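Data block below; observations after.
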Ligand SMILES: Cc1ncc(COP(=O)(O)O)c(C=O)c1O
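As structure tokens, this is what we get:
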């Protein structure tokens, strides 16, 4: 076991995670610089094909500039725009909702399930209106949303089912990777994500027809041959150099998720006798543990105690989206969102990252134990 040091334990540590690949990353950067192709070159194509295959899909994914842009372009590719409603949990990262607003559609906020913190299918079913066009299912914290129940709702009402996989790369439901279950999947390669770039990046998965639209949208709205058939596009591509970095890191995605799950198991075993609610993994689900989020009524004092012990924690998220004026303007809220409000007061994300040492894990465990056992 590594020696305990008094340095801070970060919530995540992308610098240390990256250090494992330093030589290969430098080599990848050199390769791109020497190639003379910096946009939509061979690294991007290789990455898109690798990830599409890993998802078990016919079509390669489409690399884009960020997870937010992935969501925006997925919504556009699904034909969603002004006057359309998109059902989304309020308990999510702001960008899930910002993307809906960006295409001028109306977010309809619904509650989440208490155990997984993912969208509640019963609330979704009740929120459907004649204007509803899509459901945005966020696989929050790395646990798959209940796609078994969301898919029939989408089918019954002819809705597009979009997966926000930003936090769940590597997660499975009945052995199927998230991003391959609904109609479209949106991924983020933000540096702390399960597959992180050294900057921004994202990808969209889905059917050939819809991805053709995303390809067009990401490059000004052009289609092949270039400069013809202009649509109202954007400029949002996955950079060649980021794709080269992701090609290096992709090879360890599965083992990285296993490492995350190992740390989560240790936390679960060691914290199980404390007055704290631990994350669940539902039958059939394979949790990718992007975040390890516990629930406790003593959240604020525990957070303060851990901070004094040099342990960083996070709140994902401090405010639900439906109470944030910048994001909720013109939105509709369906139902009472009681679970969302309850979570907001209790959630706390503990440190979890691939290169966390045993000593760091132990330090988090004993500090949480000490707090609850009054040893402070
Ligand atoms: C659930 C969720 N959706 C979307 C995003 C947006 O991704 P990006 O930061 O790559 O735009 C994030 C990133 O934090 C996220 O956590």
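In this note's numbering, the protein residues as written are 2 to 377.
C-beta: ideal position from N, C-alpha, C; glycine also.
As the structure is a prediction and not an experimental result, all values here were calculated from the model.
Closest to residue i by C-alpha separation, out of the options, would be which residue?
i: residue 277; options: 33, 95, 298, 265; result: 298
i: residue 43; options: 364, 326, 241; result: 241
i: residue 114; options: 280, 257, 350, 260; result: 280
i: residue 165; options: 126, 131, 207; result: 207
i: residue 106; options: 84, 133, 88; result: 84
i: residue 203; options: 195, 209, 210; result: 195
i: residue 211; options: 75, 328, 244; result: 75
i: residue 92; options: 59, 104, 141; result: 141
i: residue 283; options: 250, 149, 49, 41; result: 149
i: residue 100; options: 131, 67, 127, 121; result: 67
i: residue 72; options: 51, 48, 50, 104; result: 104
i: residue 192; options: 9, 372, 8, 13; result: 13
i: residue 251; options: 51, 46, 327; result: 51
i: residue 313; options: 365, 285, 79; result: 365
i: residue 329; options: 264, 102, 215; result: 102
i: residue 336; options: 77, 63, 121, 46; result: 121
Taking residue i and residue j to be in contact with their CB atoms under 8 Å, please state how far apart those CB atoms are, rounded to whole angstroms.
i: residue 352; j: residue 143; result: Going by Cβ atoms, the distance from residue 352 to residue 143 rounds to 15 Å, so no, they are not a contact pair.
i: residue 145; j: residue 111; result: Not really, about 17 Å apart at Cβ, beyond 8 Å.
i: residue 70; j: residue 237; result: 4 Å
i: residue 163; j: residue 124; result: Not quite, the Cβ-Cβ distance comes to about 17 Å (not below 8 Å), so this is no contact.
i: residue 349; j: residue 304; result: 6 Å
i: residue 317; j: residue 292; result: 6 Å
i: residue 1; j: residue 181; result: Any answer about residue 1 is impossible in this case: the structure gives the chain only from 2 up to 377.
May I ask you to check if the CB of residue i is nearer than 8 Å to at least one heavy atom of ligand 1?
i: residue 201; result: yes
i: residue 250; result: no
i: residue 70; result: yes
i: residue 167; result: yes
i: residue 94; result: yes
i: residue 254; result: no
i: residue 293; result: no
i: residue 91; result: no
i: residue 141; result: yes
i: residue 191; result: yes
i: residue 273; result: no
i: residue 152; result: no
i: residue 97; result: yes
i: residue 67; result: yes
DSSP has residue i in a bridge; who is on the other side?
i: residue 378; result: Examination of residue 378 is not possible in this model, given that the chain is present from 2 through 377 alone.
i: residue 296; result: 278, 348
i: residue 312; result: 10
i: residue 236; result: 220
i: residue 120; result: 113
i: residue 245; result: Beta-bridge pairing links residue 245 to no other residue.
i: residue 1; result: A query on residue 1 cannot be resolved here, the shown segment of the chain reaching from 2 to 377 and no further.
i: residue 136; result: 88, 162
Checklist entry - Where in the segment 138-222 do unbroken runs of the beta strand (DSSP E), each at least 3 residues long, occur, reported from the N-terminal end onward? => result Listed in chain order, the complete beta strand (DSSP E) runs (minimum 3 residues) inside the segment 138-222 are 161-165, 185-189, 203-207.
Checklist entry - In chain order, which alpha helix (DSSP H) runs of at least 4 residues are fully inside the segment 3-78? => result Whole alpha helix (DSSP H) segments, 4+ residues: 15-20, 23-36, 43-55, 68-78.
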